[in-house]
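Here the structure comes first, spelled out in structure tokens, and everything after it is commentary.
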Amino acid sequence: MTVAIGVSLKDQVSNLAAGVLIVVFHPFRRGDYVEVGGQTGTVQEITLVNTRIRTPNNHEVIIPNGDIMTSASINYSSLPNRRIEVPVGIGYDSDIKTTPHHDADGTRA
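If you want our numbering, it's the position in the sequence shown, counting the first as 1, plus 17.
Structural data, given as structure tokens:
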């Protein structure tokens, strides 16, 4: 019986300890845009046991803090500027020298 209770509390204690670490070290804060536990979204709430994020398609995801601390996370809001990649295709038979070049804002360079 004692072993069963210990095993069942292991995950909760792990989540609680991870929650304390998140609160102390602030890897991200409420409002940050993050990727944690395979989910991407805006942090809505951080508790001692779990973290709630809202995805771009407006789903609420609740991630246990233990999962956050044991996996890689990306905080896209930690720096003032964000960088994005925009793939631009060009045909194999096109001449690159005659293809118009455009700046990042879409205007012709």
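Where is the CB? At the ideal position from N, CA and C, for every residue including glycine.
- Cβ-Cβ separation between residue 70 and residue 80: approximately 7 Å, consistent with a contact (criterion under 8 Å).
- Counting every other CB atom within 10 Å of its CB across the protein chains shown gives residue 82 a total of 16 or more, marking it as buried.
- Less than 8 Å divides the Cβ of residue 57 from the Cβ of residue 72.
- Buried is the label assigned to residue 63, since at least 16 other Cβ atoms lie within 10 Å of its Cβ.
- Under the three-state reduction of DSSP, residue 80 is assigned to strand.
- Going by C-alpha positions, residue 110 is about 18 Å away from residue 104.
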